[in-house]
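What follows is one structure encoded as structure tokens, with my remarks underneath.
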Amino acid sequence: MGIEKRTRRPTSLAVRVTVFVGLATTAMFLLSAWSIEHSIERHFARMDLAELRAAWASVDAALRSDRISTPNPAQSQGLADAMAGSHGVSIVIRNADGRLLYKTITPDLDALVRQVPATANLNLDALHIWRTSHHVYRGAVLRSGDKTVVVATAIDFHLQYLRKLQNALWAGTLIASLISVLVAGLAVRQGHAPLRRISARMREMTTERLHTRLDPAHVPIELADLVAAFNAMLTRIEQGFARLRHVSADIAHELRTPVTNLRTQTQVALSKARDVDAYREILYSNLEELEHMSAMIGDMLFLAQAEQSSVRRDASGIDLNAEICGLLDYFEAWAEDRGVRLELGGQAGKVDGDREMLRRALSNLIANAIRYTQHGQSVHVRLSQDERWVKIEVCNP
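All residue numbers for the sequence shown refer to our numbering, where the first residue is 3 and numbers rise by one.
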């Protein structure tokens, strides 16, 4: 038992566009949120740096003036006065031996000294963040002569603000992404409205309305080629139906005469009793009509096959004189019975073509000429040739 392979249906264009727009806008919002958050974080770092620099300038000036060399209340008060304008800044000062010279009321900042090497320049690269049990600090370990100074400031308020900002940004990004996907879906649906209108017009097309065409001027430029192709297809279909109607009319016209003859002859034969010879004559006449109908049906079948390109055409060299002489010999007995003479005139060389189709066409011409030529007259077949063409004429009076 064969297994049918199921073809996967392509993803909807609306879904593709909506997903693409949604992903693109979400990525843009995420990048914007990250950029805003990073920018504000850098701004807070610069603010802390400015505050720490102000405190460090005062401390460094006091240290270089040798006002602080040993831990005593007077020197501590002088350093506190120097830092009077630096609120929220914590300082720890130790000498080269590691002895504590000055310390603000602050948690243990010595952990930073053990983790970070001292530097002489206070900049963004020198700042470090570390956590204690209750607070988070941003600070630096600096060197002033032979003394080590730790300056730091609490950044809990900044971090709290950044957390709230981060939550707001992510929530806003999510909401904005959902809105953008919804708007993109509505925009795609609105953009597909011309396609739906075209589809509705196409569904209205019937065999009685094949003359109707879509107007390319009333559709977006992107759909103009589609409309033009559809109109061209309708033209071909209309031409095909027109040919079919003409062929049907021709078939009805051609079959009406032999069928009428058969019916009339049969009615006459049945109208009264006749002898055997009379019935035989009627049957011969009916046979002639039936052969005519059979030949007609064969011709129609051949034309139908030729129209569908199912007939193989073999082009080869054809000797016209030999072919026509053979056809005249074939029709000679029938022509003698009807009292018609067959005459051939002229000469022609070989031509390239389909032998069977040429014989069929010439046979139809000669048969019709014999059928419609009166007793005692002639059917003339004339051949002529010039540099480019070969001409065949079948003439009857």
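The beta carbon of each residue, even a glycine, is placed where N, CA and C say it ideally should be.
Exercise for review: Using a threshold of 8 Å, state whether the C-beta atoms of PHE46 and SER179 are closer than that.
Suggested key: no
Point to revise | CB contact flag (GLN267, SER287, <8 Å) | key: yes
**Study point:** Alpha carbon of LEU212 to alpha carbon of ILE223, nearest angstrom
**Key:** 24 Å
Point to revise | Spatial distance of GLN192 from ALA230 (CA atoms) | key: 22 Å
Check your understanding: Counting only runs that start and end within the region 88 to 153, where is the alpha helix (DSSP H) found for 4 or more residues in a row?
Key -> 112 to 117
Exercise for review: Tell me, to the nearest whole angstrom, how far the beta carbon of ALA142 is from that of LEU54; I am working on the premise that it is less than 8 Å.
Suggested key: 7 Å
Point to revise | Within the region 314 to 377, ranges of the beta strand (DSSP E) (whole runs, at least 3 residues) | key: 317 to 321, 343 to 347 and 352 to 356
Practice item. Taking all protein chains shown into account, decide if SER60 is buried (16 or more other Cβ within 10 angstroms of its Cβ) or exposed. Key: buried
Check your understanding: Thinking C-beta only, is ALA350 closer than 8 Å to VAL392?
Key -> yes
Review point. Leaving out five residues before and five after ALA35 in sequence, what residues of the same chain have Cβ atoms less than 6 Å from its Cβ?
Key: LEU171 and THR175
Point to revise | Limits of the alpha helix (DSSP H) - the one that HIS382 falls within | key: First-last for HIS382: 380 to 387, but that is the beta strand (DSSP E), not the alpha helix (DSSP H).
**Study point:** DSSP state of ILE394 mapped onto helix, strand, coil
**Key:** strand
Check your understanding: Are the beta-carbon atoms belonging to ARG384 and GLY348 less than 8 Å from one another?
Key -> yes
Review point. Three or more beta-carbon pairs under 8 Å between the region 148 to 156 and the region 91 to 109, yes or no?
Key: yes
Exercise for review: Would you kindly check if the distance between the Cβ of ARG145 and the Cβ of ALA128 is under 8 Å?
Suggested key: no
Practice item. Could you check which residue in ALA154, GLU43, LEU103 and ASP252 has the C-alpha nearest to that of GLN162? Key: GLU43
Check your understanding: In this structure, does DSSP put THR208 in helix, strand or coil?
Key -> coil
Exercise for review: Just tell me which of ARG361, VAL342 and LYS352 has its CA closest to the CA of CYS397.
Suggested key: VAL342
Practice item. Could you pull out every unbroken alpha helix (DSSP H) segment of at least 4 residues lying fully inside the region 194 to 242, listed in chain order? Key: 195 to 205
Exercise for review: Identify, in the order they occur along the chain, each residue of the same chain with its Cβ nearer than 6 Å to the Cβ of ARG357, setting aside the five sequence neighbours on each side.
Suggested key: ILE320
**Study point:** Beta-carbon contacts of LEU65 that lie in its chain and below 6 Å, excluding the five residues immediately before and after
**Key:** SER146 and LYS149
Exercise for review: Determine the direct distance from the alpha carbon of TRP58 to that of ALA173, and round the result to whole angstroms.
Suggested key: 40 Å
Check your understanding: Between GLU291 and the rest of its own chain, which residues show a CB-CB distance below 6 Å, the 5 nearest in sequence each way excluded?
Key -> PRO260, ASN263 and LEU264
Review point. In angstroms, rounded to a whole number, what distance separates the CA positions of GLY300 and THR13?
Key: 50 Å
Review point. With C-beta atoms as the reference, is LEU344 less than 8 Å away from ALA337?
Key: yes
Exercise for review: Go through its chain and collect everything with a Cβ distance to GLU293's Cβ below 8 Å, but skip five positions before and after it.
Suggested key: none
Review point. Exposed or buried, LEU364, counting other C-beta atoms within 10 Å across all chains shown (16 or more means buried)?
Key: buried
Check your understanding: Hey, how far is the Cα of ALA52 from the Cα of ARG140?
Key -> 12 Å
Review point. Relative to the alpha-carbon of LEU330, which residue among MET298, PHE304 and ASN366 has its alpha-carbon at the smallest distance?
Key: ASN366
Exercise for review: Report the rounded CA-to-CA distance for LEU225 versus ARG18, giving the unit in angstroms.
Suggested key: 19 Å
Point to revise | Range of the contiguous alpha helix (DSSP H) that encloses ALA59 | key: 15 to 66
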